[in-house]
Amino acid sequence: MKAAGTLNQPLLLLRPQTTNETDGSVIKSYQQVAMVWGQVQSSTGTEGAVAGRLASSYLLTLLMRRRTDIAEGWRVELDGQSLRVTAVVPAAPQTPLMQVLCELEEEGDGGT
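Reading the sequence shown from the start, the letters are residues 386 to 497 in our numbering.
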């Protein structure tokens with residue numbers, strides 16, 4: 386396990402929020418939850434055609450202090466880039482750090 390001193394990247398955690406408008410439309414946005422320190426570990430990238438356009442995604446693993454509220458579907462902002470949380474690796478209660486798997490999409494995904 387890495388020492389906490391290696392958590393050297395500021396990460397902004399955002400949770401999804403749905404708002405119902407008066408005209409019946411639903412707006413999905415993200416609400417800031419916390420700024421935490423973490424370590425970013427790169428993984429693999431993929432590339433393919435989506436709706437007739439070339440799109441690529443890049444997988445990252447974030448190591449941060451253990452939290453109980455972060456979940457799949459959240460967003461993490463890192464250096465002005467938005468990462469989509471794809472999985473949270475369960476950590477034992479006595480473990481001080483956790484892993485969060487994220488995807489950086491090169492082509493905008495419309496906030497979904």
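Don't be surprised by glycine CBs; every beta carbon is placed ideally from N, CA and C. If you're wondering where the values come from, they're calculated on a predicted model, not measured in any experiment.
For residue i, the nearest candidate out of the options (CA to CA)
i	options	result
V470	K413, P481, C487 and E462	C487
M449	P401, T407 and V485	V485
S467	D454, T480, S442 and W422	S442
P481	S427, I412 and R451	R451
L489	S410, M420, S428 and V421	S428
L447	D454, W422, G465 and T453	W422
T453	G465, Q479 and L445	Q479
Neighbourhood of residue i by C-beta distance below 6 Å, restricted to the same chain and skipping five residues each side
i	result
V474	Q484
Q402	S414 and Q416
Contacting residues, own chain, Cβ-Cβ under 7 Å from residue i (five flanking each side not counted)
i	result
L463	Q394, L396 and V425
T391	Q424
N405	V411
Endpoints, the beta strand (DSSP E) within which residue i is located
i	result
E462	R460 to L463
N405	Q394 to N405
Cβ shell of residue i (< 8 Å), same chain only, five flanking positions each side left out
i	result
L399	Y415, Q416, Q417, V418, W459, R460, V461 and E462
M420	P395, L396, L397 and L398
D408	none
Whole-Å CB distance - residue i paired with residue j, under 8 Å assumed
i	j	result
A472	E457	6 Å
In the stretch 442-488, which residue ranges form an unbroken beta strand (DSSP E) of at least 3 residues, counting only runs that do not cross its ends? 460-463 and 466-474
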